[in-house]
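In my numbering, the protein residues as written are 16 to 375.
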């Protein structure tokens, strides 16, 4: 079973393939002799690196693999420099391809290398985590972190193809899988209230990774993101809604040293924060804010920043968020399920009061 969706960006458009036992790099099937550098992390390469290399080599491509340590710490300019060296060793030219085989970290990192090496070469996204399949592999945002903040160095560089092989989700650790469900919930809040209700009705099936349901859910998330990106590729307007829950989420990741929180876990807490904030300042129904929190909790995601969380550190981290203006954070806030507004400035007292309410 499989399906193909199109991200319609004219000459930068590409297909998203979703299914099981998919071979990566279908877009390269007629390019014998093209050099491909697979970039993966130490966890994913051990599981799928050799398989991907063999499948590409069988199509007549010249393939080389390189591996970085697993974890967000690899989204670093020092690692980027090393990967440039690997690209040189692999003999990559302007017609060559970098393949990102892994989760969101690898997609961001490998995509940034592809966007900047030789002023930009093609790359293929082969996501192996739920979070990457439904969110980070689509849309062309690539980048790395600085100590001062998450994704502060980056580019827009659309992939040539996205190949979401649902088979890889079978080996995904529970915590990583649940982290991806946070981004799934996000799409229901920002765009599609019936989809939110579908998630509510199928929590147990999602948690046990029902294959048919996952194909449908991943497909719907990609449809929504593809439509948003089609309208606003460079995030000058409505694409900002995809950052629902991310302002606080990125701050939590930063102050904890990019280790304690997985991205989806931090975004889950950020969505609870944004829901409560919207109820306070945007008229979002408190019952719906509660539904959002309860759904995330039923899915096994954190809904509290924890009693040890420090507001001063969090608030300082928010000033470096990419959406901030003149060091004032701006939020995506819900007016109703399926409808949000972006670019919202919120009084400081409301921010602190709402954060205090989600610490316990």
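For every residue, glycine included, the Cβ atom is placed at its ideal position computed from N, Cα and C.
Check, Outcome
"Spatial distance of residue 93 from residue 115 (CA atoms)", "18 Å"
"Under 8 Å between C-beta atoms of residue 129 and residue 136", "yes"
"With 16 other Cβ atoms within 10 Å as the buried cut-off, status of residue 358", "exposed"
"Residue burial classification, residue 254 (beta-carbon count within 10 angstroms, cutoff 16)", "buried"
"Cutoff 8 Å; reference residue 233; Cβ partners in own chain excluding five residues on either side", "33, 145, 148, 149, 179, 181"
"Short Cβ contact (8 Å threshold) for residue 289 with residue 260", "yes"
"Segment limits, alpha helix (DSSP H) that includes residue 205", "189–205"
"Cβ distance (whole Å) where residue 37 is taken to contact residue 17 below 8 Å", "6 Å"
"C-alpha distance - residue 86 paired with residue 62, whole-angstrom precision", "16 Å"
"Between the CA atoms of residue 187 and residue 222 - distance to the nearest angstrom", "12 Å"
"DSSP three-state assignment for residue 116, whether helix, strand or coil", "strand"
"Residue burial classification, residue 206 (beta-carbon count within 10 angstroms, cutoff 16)", "buried"
"Cβ pair count under 8 Å reaching 3, the segment 267–285 against the segment 190–203", "yes"
"For residue 372, the first and last residue of its enclosing alpha helix (DSSP H)", "363–372"
"First through last residue of the beta strand (DSSP E) which encompasses residue 18", "17–22"
"Distance between beta carbons of residue 76 and residue 109, contact taken as under 8 Å", "Not a contact, Cβ separation roughly 16 Å."
"Nearest-angstrom Cβ-Cβ length linking residue 80 and residue 60, presumed shorter than 8 Å", "7 Å"
"Whole-number beta carbon distance between residue 107 and residue 52, since they are thought to touch under 8 Å", "6 Å"
"Counterpart residues of residue 156 in DSSP-defined beta bridges", "171"
"Beta-carbon proximity list for residue 347, same chain, < 6 Å, skipping 5 on both sides", "256, 258, 259, 355, 357"
"Option in 317, 272, 343, 361 with minimal Cα separation from residue 374", "317"
"Limits of the alpha helix (DSSP H) - the one that residue 243 falls within", "226–246"
"Member of 201, 195, 48 whose CA lies at the smallest distance from the CA of residue 352", "201"
"DSSP state of residue 217 mapped onto helix, strand, coil", "coil"
"Under the three-state DSSP convention, the category residue 263 falls into", "helix"
"Spatial neighbours of residue 127 in its chain, beta-carbon cut-off 8 Å, leaving aside the 5 residues before and after", "95, 157, 158, 159, 168, 169, 170, 172"
"Beta-bridge partners of residue 340, as assigned by DSSP", "343"
"Between the CA atoms of residue 30 and residue 19 - distance to the nearest angstrom", "6 Å"
"Contact under 8 Å by Cβ, residue 153 with residue 22", "yes"
"Alpha-carbon to alpha-carbon, residue 143 and residue 184", "7 Å"
"Classification of residue 209 by the beta-carbon crowding that lies within 10 angstroms, buried from 16 upward", "exposed"
"Residue from 349, 360, 28 with nearest C-alpha to residue 343", "360"
"Cβ-based neighbour list, residue 84, same chain, cut-off 8 Å, excluding 5 preceding and 5 following", "56, 57"
"Within the segment 263–339, ranges of the alpha helix (DSSP H) (whole runs, at least 4 residues)", "278–296, 301–313, 326–333"
"Residue(s) in a DSSP beta bridge with residue 185", "Residue 185 pairs with nothing; no bridge assigned."
"Helix, strand or coil at residue 108 [DSSP, three-state]", "coil"
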